[in-house]
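J.: My questions will all concern the structure given below.
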Amino acid sequence: MIAGKWLAPRDPDAQDPGLSVTMPGQGHLLGTDQLGRDVFSQLLAGTAAAVIGPLAVALGCVLIGVSLGMAAAYFGGVVDTLVNRLADLVYALPALLIAIVVVGVVGGGYWISVGLLVVLSVPAQIRLCRSAAMVQVRLPYVDAARTAGLSPMRTMVRHVLPNILPIVVTTFLLDFVSTLIAMAALSFLGVTGAAGNPDWGTMLANGQPLVAQNPWLSITPAVLIIATAASATLLGDTAHEWLTNKGTAR
126 MIAGKWLAPR DPDAQDPGLS VTMPGQGHLL GTDQLGRDVF SQLLAGTAAA
176 VIGPLAVALG CVLIGVSLGM AAAYFGGVVD TLVNRLADLV YALPALLIAI
226 VVVGVVGGGY WISVGLLVVL SVPAQIRLCR SAAMVQVRLP YVDAARTAGL
276 SPMRTMVRHV LPNILPIVVT TFLLDFVSTL IAMAALSFLG VTGAAGNPDW
326 GTMLANGQPL VAQNPWLSIT PAVLIIATAA SATLLGDTAH EWLTNKGTAR
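As structure tokens, then:
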């Protein structure tokens with residue numbers, strides 16, 4: 126998917142005013158847009174912007190959320206209080222509205238929106254990982270690790286993390302889905318987008334006024350957004366079940 130721009134049958138940026146807003150056919154599988162660009166090629170090229178950003182946000186949330194969540198659960202006390210207060214503060218903010226305002230003021234930027242969504246999305250990851258790790262740190266094997274002189278880092282990484290992995294993987298994919306939809310919404314509203322590259326949200330917005338002439342302009346990016354989100358959700362459910370069963374069997 127990420128290599129879609131190189132797999133596209135035509136140059137996604139090539140314009141042909143003589144073929145403006147055509148239906149599928151005439152050598153164009155899904156027709157053309159207002160500028161005569163091939164819709165199918167634009168969709169393939171747009172997969173990079175649609176997938177890379179959400180993956181980056183989900184990865185950032187996991188790295189920060191797991192680290193802070195496990196630390197809060199393991200050390201407790203002041204560390205737990207500070208992490209919880211910080212997470213509660215950010216969690217109370219309306220994420221999408223804040224993203225629209227900040228990106229609009231700073232200037233539309235793809236990676237600015239990615240960084241902002243990491244900050245606004247990570248509290249949920251912290252809460253879930255803290256709750257899962259809290260159960261684990263109360264079990265005898267953690268006390269045994271402490272008695273054996275294992276460092277907190279080694280105890281958390283080698284013993285606690287594998288036992289909360291099903292939650293981590295599931296929330297990673299849920300973060301991916303929510304960010305995919307959020308970034309599509311931001312580009313649909315014209316707040317941000319991948320500079321110089323097609324974007325599913327922008328394609329959806331551009332095709333909306335021309336639904337009667339070529340419905341594929343709006344239908345295809347909408348279907349791809351929904352299909353990608355649904356696939357990631359199903360993958361998360363499957364991975365959670367498999368990892369849980371594997372842990373139980375072990």
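Quick note on numbering: the sequence shown equals residues 126 to 375 in my numbering.
Don't be surprised by glycine CBs; every beta carbon is placed ideally from N, CA and C.
DSSP three-state call for G171: helix, strand or coil?
T.: Helix.
J.: In the DSSP assignment, the alpha helix (DSSP H) including S312 goes from what residue to what residue?
T.: It spans L286 to F313 - the alpha helix (DSSP H) in which S312 sits, taken as one unbroken run.
J.: S312: buried (16+ other C-beta within 10 angstroms of its C-beta) or exposed?
T.: Under this definition S312 is a buried residue.
J.: Do you know how far the Cα of T327 is from the Cα of R283?
T.: Taking the straight line joining both Cα atoms gives about 44 angstroms.
J.: Tell me whether the beta-carbon of G382 lies closer than 9 angstroms to the beta-carbon of V247.
T.: Residue numbering for the chain in the displayed model covers 126 to 375; residue 382 lies beyond these limits and cannot be assessed.
J.: Assuming A174 and Y235 are in contact, meaning their beta carbons sit under 8 angstroms apart, how far apart are those beta carbons, in whole angstroms?
T.: Confirmed, Cβ separation roughly 7 angstroms.
J.: Consult DSSP for T430 and reduce its assignment to one of helix, strand or coil.
T.: In the structure displayed, the chain extends from 126 to 375; residue 430 sits before or after that span and is not available.
J.: In chain order, what residues of the same chain have a beta carbon less than 8 angstroms from the beta carbon of V187, not counting five sequence neighbours either side?
T.: For V187, where only same-chain residues beyond five positions count, the Cβ hits under 8 angstroms are Q250, V293, T296, F297 and D300.
J.: Should G201 and A257 be called a contact, given that it needs their Cβ atoms to be closer than 9 angstroms?
T.: No; because the gap between Cβ atoms is not below 9 angstroms, this pair is not in contact.
J.: Candidates T345, L160, R135 and A270: which alpha carbon is nearest D141's?
T.: The option with the nearest alpha carbon to D141 is L160.
J.: Using 8 angstroms as the threshold, is the segment 155–172 in touch with the segment 331–349, meaning 3 or more CB pairs across them?
T.: Enough Cβ pairs lie closer than 8 angstroms, so yes.
J.: May I have the straight-line CA-CA distance separating V260 from T345, to the nearest angstrom?
T.: Using only the alpha carbons, I get a separation of about 44 angstroms.
J.: Give the DSSP-derived three-state secondary structure of S256 in the structure shown.
T.: S256: helix per DSSP, three-state reduction.
J.: Applying the 10 Å Cβ sphere with the 16-neighbour rule, what's the burial state of D362?
T.: So D362 counts as exposed.
J.: Assuming V208 is part of the alpha helix (DSSP H), what are its boundary residues?
T.: V208 -> alpha helix (DSSP H) spans G202 to Y216.
J.: Candidates N331, I306, D136 and L211: which alpha carbon is nearest V182's?
T.: For the residues N331, I306, D136 and L211, the minimum Cα distance to V182 belongs to I306.
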